[in-house]
Amino acid sequence: MTLMQAARDTASGDWNALIRDVTEGQWRDPDTGSLVTVPFRHINIGDDLAAHAPEALAQVMPAESYAVVCDTATADVMGADIARRLGAKARLVVLDHPHADESQVRALQAKTRGQAALVAVGSGTINDLCKFATYKDGRSYSVYATAPSMNGYTSSTASITLDSGLKTTQKAHAAKGVFIDIGVSAAAPQYLIGAGLGDSLCRPTAQVDWYFSHVLLGTRYATAPYRLQDADEAAVLARSAGLGQGDHDAIGYLQRLLTLGGLGIAAVGMSHPGSMGEHQISHWIDSFAGDRHPGTVHGQQVGVASITMARLQERILAMEEAPRITGWQPDEAAIRARYPAAAVDDCLAASRVKAMTADQAAAFNDRLAAVWPYLRQTLRAMMLPSDEMAAHLRAAGGGTTPEEIGMDRDLYIDALRHCREMRDRFSLLDLAADMGILDDFIEEVL
0 MTLMQAARDT ASGDWNALIR DVTEGQWRDP DTGSLVTVPF RHINIGDDLA AHAPEALAQV
60 MPAESYAVVC DTATADVMGA DIARRLGAKA RLVVLDHPHA DESQVRALQA KTRGQAALVA
120 VGSGTINDLC KFATYKDGRS YSVYATAPSM NGYTSSTASI TLDSGLKTTQ KAHAAKGVFI
180 DIGVSAAAPQ YLIGAGLGDS LCRPTAQVDW YFSHVLLGTR YATAPYRLQD ADEAAVLARS
240 AGLGQGDHDA IGYLQRLLTL GGLGIAAVGM SHPGSMGEHQ ISHWIDSFAG DRHPGTVHGQ
300 QVGVASITMA RLQERILAME EAPRITGWQP DEAAIRARYP AAAVDDCLAA SRVKAMTADQ
360 AAAFNDRLAA VWPYLRQTLR AMMLPSDEMA AHLRAAGGGT TPEEIGMDRD LYIDALRHCR
420 EMRDRFSLLD LAADMGILDD FIEEVL
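Letter by letter, the sequence shown follows residues 0 to 445 of numbering that gives the first Met the number 0.
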């Protein structure tokens, strides 16, 4: 099926067009021509999905018993209904203010040890906890999505905060079934709908960062994730005002876009297509904000960070002459002073991957100068204007600045300055720091 055919089928009510081609192994990688294989086999975007949960789970994840895992809000929205319909085979497990960290993974494993499989009912945190807990102990899980807040439903990795406090992307496994109810999602709190658009707005900034790293540093790159999203990204942005009103079809398109984004990551086996500089900023906040963390969710932070990254990328790519960097070495003493002891070794290791001597920086500058006219043009074609991104996010009920999501500006600035120390991926945020323009950019933009 072509992307245009998928768009037509969606307009006529088939929300699973194209998605089904990917999960059934019928979609070809545009780079290689080979059929794409992903670990997801059953994805259903539709309405009234709780009513059919017993039959659906019996098909995709038959088990003697289920733990239906939710929080207090998602229990009321869908979880209790699913558990009731499953009858004696199900136990309802309601988590109190859950967080996706190693200690709560262990607690969930202990709490559900008597059940054969888990059914996650919720969004980011609940999904990641169930996904990682079952991956670690060999059980299966399925997920019923209650909000269009992120693309993690179709990801086989989990965002888990380690006991050290460092937020990481951990290998996990795919849900046996992914069930996304549009009507339930449309009734989600508005900030979660805005967060979903915020998470999807990382596409242009991540693509620019990833392709830059590919050209300059040899990082593997693929176009498949972006080809999967093209038509639905346009459809979502055309309906951003509808997202702000909880419009059913606008929410459906957003859930499709998030689902296809996750499948794109699964197709290439790496998270780079949707997680570069903007996610690095968000991960730093989640890992090291401590008591300063305002309780914002992943997609809210990524939305703000994507707009910041887009503005930084626009500034760099407006330069007619190739940027030049100086060599950078991590300041070990500063890193040891800045982070908890348990996180220091990880941060030092990530930083050292990106360190450059003066000679290495000179070679980098020569390579960049040689390709800058072509590279600059190519990267600019991948972008969305930052002002348009901000307008769409506001229309959807999302925040576009730290203040608009209730975050302290100084915390956000700390994340911009220091997040490069926690991850080994090279983005244009690293480039700006090595060029010596990052502090000026922060002062002018924030």
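The C-beta atom is built at its ideal place from N, Cα and C for all residues, glycine as well.
Just so it is clear, the structure is predicted and the values come from calculations on it, not from any experiment.
Using CA atoms only, rank isn't needed, just tell me which of F363, V177 and L161 is closest to H282.
L161
Given F39 as reference, the closest of R335, Q328, S155 and L347 once Cα atoms are compared
S155
Whole alpha helix (DSSP H) runs in the region 347–409 with 4 or more residues, listed along the chain?
357–381 and 385–394
Take the Cβ of P384 as the centre, count every other Cβ of all protein chains shown within 10 Å, and call the residue buried at 16 or more, exposed below.
exposed
Quick check: the Cα distance between L259 and F425, rounded to an integer number of angstroms?
25 Å
Take D246 and list the residues in its own chain whose beta-carbon comes closer than 8 Å to its own, dropping the five residues that flank it on each side.
A185 and R238
What does N43 pair with, by DSSP beta-bridge criteria?
F178
Hey, out of I315, G243, A336 and R366, whose CA is closest to I192's CA?
G243
Nearest to Y411 by CA position, among A288, A74 and M355, is which residue?
A288
Tell me the start and end of each unbroken alpha helix (DSSP H) in the region 133–211 that is at least 4 residues and wholly inside, in chain order.
181–185 and 189–199
Please look up how many angstroms separate the CB atoms of L196 and L392, rounded, as I've assumed it's under 8 Å.
6 Å
Terminal residues of the beta strand (DSSP E) in which Y65 lies:
Y65 to D70
By DSSP, does S11 sit in helix, in strand, or in coil?
Bear in mind that a pLDDT of 45 at S11, under 50, signals an unreliable position, so the model cannot answer this.
Simplified DSSP assignment, three categories, for A16:
coil
For A431, three-class secondary structure by DSSP
helix
Identity of the residue in R375, C129, H292 and G32 nearest A221 by Cα:
G32
Quick check: the Cα distance between A336 and R419, rounded to an integer number of angstroms?
16 Å
In whole angstroms, what separates the C-alpha of A106 from that of S158?
17 Å
Assign G294 to one of three DSSP states: helix, strand, or coil.
coil
Express the C-alpha separation of R83 and L94 in angstroms, rounding to a whole number.
18 Å
Beta-carbon gap between D198 and V301 smaller than 9 Å:
yes
Is it true that the CB of R138 sits closer than 9 Å to the CB of A109?
no
Using a threshold of 9 Å, state whether the C-beta atoms of A55 and D80 are closer than that.
no
Beta-carbon proximity of T168 to I125, cut-off 9 Å
no
Quick check: the region 346–357 against the region 312–332, are at least 3 beta-carbon pairs closer than 8 Å?
yes
Inter-residue CB distance, V21 and R27 (contact presumed, cutoff 8 Å):
Between R27 and V21 the Cβ distance is about 10 Å, and since that is not below 8 Å, they are no contact.
Buried or exposed, going by whether 16 or more other CB atoms sit within 10 Å of the CB of V68?
buried
Do Y152 and D180 have their CB atoms nearer than 9 Å?
no
Under 8 Å Cβ to Cβ from P29, same chain only, skipping five residues before and after it: list those, please.
T222, A223 and R226
What does L94 pair with, by DSSP beta-bridge criteria?
D70
Less than 9 Å between the beta carbons of L117 and Y65, yes or no?
yes
Minimum C-alpha distance to E277 - residue among A414, D127, F131 and D438:
A414
Under 8 Å by Cβ, that's how I've got S286 and M421 pegged, so tell me the actual separation to the nearest angstrom.
7 Å
For S141, tell me which candidate among P147, S122 and I315 has the shortest Cα-Cα distance.
S122
So, under 8 Å CB-CB, G241 and A249 are touching, yes? Tell me the CB distance rounded to an integer number of Å.
3 Å
Put M3 into one of helix, strand or coil per three-state DSSP.
Residue placement at M3 cannot be trusted, given a pLDDT of 41 that sits under 50; what the coordinates show is reported in the next sentence. The answer is helix: DSSP assigns M3 an H, G or I state.
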